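Counted from 1, the sequence shown has number 22 at position 22 by full-length UniProt numbering; the numbering is strictly sequential.
For every residue, glycine included, the Cβ atom is placed at its ideal position computed from N, Cα and C.
Quantities reported herein were computed from a predicted structural model and do not represent experimental measurements.
One structure is given here, and the rest of the page talks about it.
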Amino acid sequence: MEPLEVLQCSPPLAREPLDAEQAAGLAWVFKALGDPVRLRILSIVASHEGGEVCVCDITNAFELSQPTISHHLKVLKDVGLLTSERRASWVYYRLVPERLGELSALLDTPAAV
């Protein structure tokens, strides 16, 4: 099951247990977020004025090669946390807020749990 489908059909963790397929799909999303570079990329995109950022600005924020940054961006796109749009020779990235909302809802638990 694709991570996006898993997020859409997964109940909050405190309501009912995940099945094996849901857990595997969600693990893929959390693994993507488990890398410090990808967390920084997500933060750069999310906090950028206008809600989108050029790949050139992302690359300039790191002391990593362009192919490495491209790999991290691809991982974030593959799990549905980012979208991109090519404009001339540059690619602009935007956060998918619905996906972060779904992750947040999944982890939302009552205080008594």
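When you compare each of the options to residue i by their alpha carbons, which one comes out closest?
| i | options | result |
| --- | --- | --- |
| residue 53 | 86, 106 and 68 | 86 |
Identify the continuous alpha helix (DSSP H) that holds residue i and give its terminal residues.
| i | result |
| --- | --- |
| residue 84 | Run containing residue 84: none in the alpha helix (DSSP H); it sits in the beta strand (DSSP E), 82-87. |
If I measure Cβ to Cβ from residue i and keep anything under 7 Å in the same chain, skipping five residues before and after, which residues do I get?
| i | result |
| --- | --- |
| residue 96 | 80, 81, 82 and 83 |
For residue i and residue j, what's the separation of their Cα atoms in angstroms?
| i | j | result |
| --- | --- | --- |
| residue 35 | residue 16 | 28 Å |
| residue 28 | residue 88 | 32 Å |
| residue 47 | residue 38 | 14 Å |
| residue 108 | residue 101 | 10 Å |
| residue 42 | residue 13 | 24 Å |
Quick one: what's got a C-beta closer than 6 Å to residue i's C-beta in the same chain, skipping five residues either side?
| i | result |
| --- | --- |
| residue 99 | 80 and 81 |
Which residues bound the beta strand (DSSP E) around residue i?
| i | result |
| --- | --- |
| residue 52 | 52-54 |
Quick one: grab the DSSP three-state call for residue i.
| i | result |
| --- | --- |
| residue 79 | coil |
| residue 33 | helix |
| residue 107 | helix |
| residue 18 | coil |
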